[in-house]
Each structure stands twice: as C-alpha cells, then as structure tokens.
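Participant:
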Amino acid sequence: MNPAGGFWPDGSSSRGAWVAFARTLVGPALAFQSAARSEIRLPGRTSWHGERADALEAFARVFLLEALAGCQETRVAPSTQALLDGIVVGVTSDEHGWIRAAENSHALVEAPSVCLGLWAGDHRLWKALPGHAQDALAEWLAECADLERRSNNWVLFPFVISRFLDSIGRPHPGRTAIETHSLGRLDDLYRGDGWYSDGGSSTFDSYNSFAFHFYPGVVGVLSSDDELRERSASRLALYLPQLLSLVGPDGAPVYFGRSMTYRFGVAAPLSVAALLGADLTAPGRLRVVTQRIVDSFVRIGAVTPGRPLSVGWARDDADLVQDYSGPGAGYWAAHVFTNLLLEPGHAYWGPADEEPVTVAGPTRLETPNFLLARDAAASVVRLTNHGSYDVNVTDVKHRADDPFYGRLGYSTATLPLTDDAADSTFTVHCRGRRYRRGRIAAQPGGRDWASSLGWLRDVVSAEDAPAPAMLLSVSTAEWDIHAIALPRWARWRRASVSFRGWCVDDPDAVGTGVTDGPTVAITTPLPTTVRGLLGFSDAEVVDGERPRGRYRLGEVRGRHRGGLYVVATSLGTAGSLDAAVPTVSRAGSGRWLIRIPGQADRVLRRRRTGLLLTADEDA
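To convert, note that position 469 of the sequence shown is 468 in numbering that gives the first Met the number 0; the numbers rise steadily by one, no gaps.
1) On the three-state DSSP scale, how would you describe D419?
2) Give the list of continuous beta strand (DSSP E) stretches no shorter than 3 residues that lie fully inside the segment 490–533.
3) Measure how close the beta-carbons of P517 and A538 come, nearest whole angstrom, since I'm counting them as under 8 Å.
4) Applying the 10 Å Cβ sphere with the 16-neighbour rule, what's the burial state of H131?
5) DSSP beta-bridge partners for M469?
6) Can you look up S619 in the DSSP assignment and give me helix, strand or coil?
7) What does the alpha-carbon distance come out to for the pair R601 and A351?
8) Return the CA-CA distance between Y323 and V108, expressed in angstroms with no decimal places.
9) Give the range of the alpha helix (DSSP H) segment to which G70 is assigned.
10) Does the segment 256–265 come close enough to the segment 215–234 to have 3 or more Cβ pairs within less than 8 Å?
11) How big is the Cα-Cα spacing for T289 and V18?
12) Enumerate in chain order the residues of its own chain whose CB-to-CB distance from I160 is below 7 Å, with the five nearest sequence positions on each side excluded.
13) Check W194 in the structure and name its three-state DSSP category.
14) Determine the direct distance from the alpha carbon of D447 to that of A579, and round the result to whole angstroms.
15) May I ask you to report which of helix, strand or coil DSSP gives V583?
16) Quick one: is E50 buried, meaning 16 or more other Cβ sit within 10 Å of its Cβ, or exposed?
17) Could you have a look at L570 and say whether DSSP puts it in helix, strand or coil?
18) Which of the three DSSP states is assigned to Q598 in this structure?
19) Do you know how far the Cα of G531 is from the Cα of S588?
20) As a quick exercise: from W478, T511 and S201, pick the residue whose alpha carbon is nearest that of V566.
21) Could you tell me the distance, in whole angstroms, from the CA atom of L221 to the CA atom of D187?
22) Cα separation between A599 and G386?
23) Determine whether the beta carbon atoms of D374 and A232 lie at a separation below 8 Å.
24) Applying the 10 Å Cβ sphere with the 16-neighbour rule, what's the burial state of G120?
25) Can you tell me where the alpha helix (DSSP H) holding E109 begins and where it ends?
26) Enumerate in chain order the residues of its own chain whose CB-to-CB distance from G453 is below 7 Å, with the five nearest sequence positions on each side excluded.
27) Considering only the beta carbon of each residue, do Q32 and A68 sit closer than 8 Å?
28) What three-state label does DSSP hand Y404 in the structure shown?
29) Would you say the segment 234–253 touches the segment 306–324, given that touching needs at least three Cβ pairs under 8 Å?
30) Please list, in chain order, all residues of the same chain as D165 whose beta carbon is under 8 Å from its beta carbon, the five residues on each side excluded.
31) Using a Cβ-Cβ cut-off of 7 Å (strictly less than) and excluding sequence neighbours within five positions of F62, which residues of its own chain qualify?
32) What residue from L533, G325 and P361 has the CA that sits closest to L245's CA?
33) Apart from the five residues just before and just after R14, which ones in its own chain have a Cβ nearer than 6 Å to its Cβ?
34) Between P367 and Q241, what straight-line distance do the alpha-carbon atoms span, to the nearest angstrom?
35) Count the other CB atoms within 10 Å of the CB of S508; is the residue buried (16 or more) or exposed (fewer)?
36) In this structure, does DSSP put I160 in helix, strand or coil?
In structure tokens:
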C-alpha cells in the first residue's frame, strides 16, 4: 500500500524515492524565484516580518530541502545551481540583497537553514560558491550570530551559525561566548524526561521536534562532536517514545501548539535518531514511522501536485497560521529530510524489522502533564492538556484567548477552533463577558488522570479572575472526564457555565445531533458525545463555519451556583444517548464518587490546593 500515491515514484520509501519527493516539493517553489534569484516570493499573506523577510524565509528553507536532496550527488543539479546563484546575489547585491540582521531579526531564524544546506555532503555547496560570495556570506552569517537571542528556540540559531563558520575555517571572533551561551540556555530550557520548554517555564509543544531535538543532534553529527552527539542522543532517547505516543497508527500527529504549519517537520527527531546512530530504536522502524507521518499529510491534501507547500494543515488553513509565518514557512518541514544524509546502504533504508507499537490505555506524560488516550480501535489519539501554555499569550498577553494551548482537548482527528466558538473548554459567562483558561500550573496526577490550576481570563479584556480554577481529568479508551471547581468571585454571582466538546468537521452538513437534557450525541461524520455529569442542565448542537468548511460540536450549560462541574466527552466512538456512561454523585463534604463502567469506583476530592483523584477505599 502506498498512501502517498504518485509522490513516491517507485512506490516505496527508498532513499531515491525520498530524493524525488523532496524535489517534488522544491520544484513548484522555484517557479516563484525572483529574476535576480535571491528571493522566493510565494503567493499568500505577508507575515509581520515583512515581504523581504518572507522572501528570505522561503528561499532559505527551500534551499535546505534542495541541498539535502542532492547532498550525495557528484554534480550540482540545475535546481541547486539556481539557488546557489541566489545566495551569491543575496549576500553581494545592494539592490537585491537579503535583509541584514541589524534591520530585521528574522535573518537570524533563516541563517541556520543556509548553513546546514551548505554544510551537507561535506560542504559540497559551500565549495561551489565563488570566493567573493564566500567572504560576503561569512560576514552576513557573523552579523546574524551577533544578534541578541530570544529565550526560546532562538538560542540555538547562533550556535548553528558559529559551528558552521568554524567548520569552514572562518571562526566567529566570539565563538566561545556564543556557544557557551547557547548551550547554557539550552540546558536552562530543558525540563527533563526529554522535554524542553520553548520559553517561559511550561511551554511544551512541537518545537521539541522542530528545533530542540533537531539542531543539536544534526550539528553534533556534522561537526563530529562526540560529546554533543551523546548528550543529544540521551535526551532524544527519552523523548522518542513520547513523540510516538502523540502519533496515531495512520501517522497523523496530535494537533497541539503553535507553528503546526511545519507539518511533517514533527518527525524530524526520527531522522536525527538515525543520524546519531545510537541504539534508540530499530533504524527500519524509524523510517516506517517517518513515512507514515509524511503520508498522513499527503492523504489530507497538504501536498498538491505542481503547487508549493502551503501554510496550514490539510491545505491553506489561514486561521491556523500564526502572524509571524510567511507563505514559505511550511518548508521548515525540510528538517525531516535530514535522513538523506544517510548513505543508500544504511540500515535505515533497509527492511523494517519492527512494527510501530501503539500505546495501550491512557497514560500521562509527566513533564508536560499531558494525559493521552486512544479509542478502542486505537485510531484516534486524544491529548488533555494540564501543563503547557504559551507565555507570549498568557503573560505578555498578545492574545486574551489561546486556542492552541488553552483548550482542554486536542487530538489526531480534530483541529481547534480559532474564533470565539471555542471547542473543548469550560467557559464562565457573566454580564456579557466570557472567561476561559489562560495560564496553567501543573498539579499532581496518576497513570490515567491529570490535574492543574487554571487562571480564567476575560477573552476580550485579558483580565484574570483573582484566583485560579481547579481542574482534573481522567481518561479511559472511550471517555475523557473533565472536572472544574471555580473560585469564589462576587462578579460571578449571576454567571452561567458551559462546556463545548470536540469540534468535528462536517463539510457536507451530513452530521446528525441529538440532545437529551445535558447530553449531546453527534453521530456523523465523526462520532462524538458531550455529557454533563454534574452542574449542567441542558444542551444544544452548535453548527458553524470556518475557512476549511462547516463544523459541528456539542455544548452543555448550567447556572453557576458554586461547587463542582463535571462533563464526559467521547470522540471516535459511537455515542448513543443510552450507552453505559460515567456517573458522578456527591459522597460527602468536598468529595464526589466517580463511577466508570468496567472500572473500580474513584473518589474526586477537593482540597485547598487543588483536585485529587483516589481509589474509593482511600477516601
């Protein structure tokens, strides 16, 4: 079976097929190369960095992909030469030159792609540049490395540049300071168990794949730095099993966090693992999982014949793209193609000696405080977030409401709503204002449950409630049960509380929804149910439309009388109104009995510091 169809020319995942696929992505972008060749101006919305920065972004990322495709070729292909010509103009021309770091910091972001492309294949493309262009490029890169770094994944960019300059015999004068600072900040951002926080204390997302487990490992290999390789391999060994648990059996990753327009770049650590050569997992298995992830995007239309790689997820999903991403941002997916640095005879390209293992039952990833579960058929992976938030949104307040981190549930089969409709979240409604979760503080959890404190924020004014809400979730194969205990606040005396469940796409408006009291069951196209177990009185089916098409979700509502509110949701399993479902009943002061079909009873306890789940006999 070849889900990618014509994108894998020989119907396989051989190295030659990967080279051909890479050039399938490069070719359409080259059609938008400027007459001077130094820019690639793809059609689409301009980012907040500006048109020239966007043109460099597309150029640098496409160049890296082309360089990896040809890294073991003896001749420079015409497509590669066109980009090399562009580099010469970009660093030598006053009229058509690239942005400089001093005028636009985005130059620092794109410089590592240029470095890695020139470094691949034993500097074959660096050697192909004329001497005056080498001089000018080294100067341009040094300026980028001097730029003050943000305290997130950007700390890696000067490090990559410095190591490349050293590899070509042009070390940066501040090399030691740059590399010491970068590696020191990298350690500061490392939270253990394979996880880095992308700025702030608890921003856990796919930048672990796009950057943190990518650049150190690749640079360690290219620079033959054994110490860096070993440290990268040891941390990656902890991260890989968790990454695999965030991917469905069909290769679809959970959609969570920002910059998911980099799509199959999420699989980059699998390629890095093969490059490191450590005994992390069977090489053939790494290739199989990587291709499944790539194929999952091909199947949903993310790759269109003859068109550049778009920004978005399945296609041009403008509402899912951050303002800092230009039309060529999606080409950071090139990071996964570092597997092409492996020679054709490498075991990576050989037979797969092991099938990917799916995680059975719910499990909690302790460091990010993610609760993961799969349905009975193991076809949909669900993530409940009790630990990760974007510091730029919650603390700096660039946005009052954050659909990419603030929701409770994310999955491999759904995409978050980015407008005020707000799926998979509790909302407090009061006097025309709506309060939803912003900043999150992880709390204790167990194998199948997680808890947190969440500061509810007015989605218009960004004003926070004076005290955090207490939240807890427990998952089974079929159900996610979410509880929230709201803080006392005089302003909320006449408030109401709602919970909206999973948002399922319904492009042809064929879905059916049925309500019964505080319960909604949506039967098609993707079954989902929302049941108000405590504190809710009625429900409705909500229909809406976003750029990718129509959608449908269920909502339950109730008056705010204080105390606890509990819902149960299902996704990917038939949710009839009379199915066996969890129940919640009061068991004493600050205690509620949770009964889940097929499991022992549990007691949810409200303490001053948060919610806790215990076995019934421990109550």
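Note that beta-carbon positions come from the ideal geometry of N, C-alpha and C, so glycine has one too.
Facilitator: Taking the structure as given:
1) coil
2) 495–499, 512–514, 518–521 and 527–533
3) 5 Å
4) exposed
5) In DSSP, M469 forms a bridge with L452 and A484.
6) The shown model of the chain, from 0 to 618, leaves out residue 619, and the question about it has no answer.
7) 43 Å
8) 11 Å
9) The amino acid occupying residue 70 in the given sequence is Cys; Gly does not appear at that position. From DSSP, C70 is part of no alpha helix (DSSP H); its letter is neither H nor E.
10) no
11) 15 Å
12) A110, P111, C114, L140, C143 and A144
13) strand
14) 20 Å
15) strand
16) exposed
17) strand
18) Secondary structure at Q598: coil, using DSSP grouped into helix, strand and coil.
19) S588 and G531: Cα-Cα distance of roughly 21 Å.
20) W478
21) 24 Å
22) 27 Å
23) no
24) buried
25) H105 to K126
26) If the five residues before and after G453 are omitted, its C-beta is found closer than 7 Å to the C-beta atoms of R436, I439, P467, A468 and L470, all from its own chain and listed in chain order.
27) no
28) Reduced to three states, the DSSP call for Y404 is coil.
29) As far as the Cβ criterion goes, the segment 234–253 does not touch the segment 306–324, which means the pair count is below three.
30) H171, R174 and S222
31) L82, S112, V113 and G116
32) P361
33) If we look at R14 and ignore the five residues flanking it on each side, its Cβ neighbours are P343 and W348.
34) 11 Å
35) Per the sequence shown, the amino acid found at residue 508 is Ala instead of Ser. Counting Cβ neighbours within 10 Å, A508 comes out exposed, since fewer than 16 surround it.
36) helix
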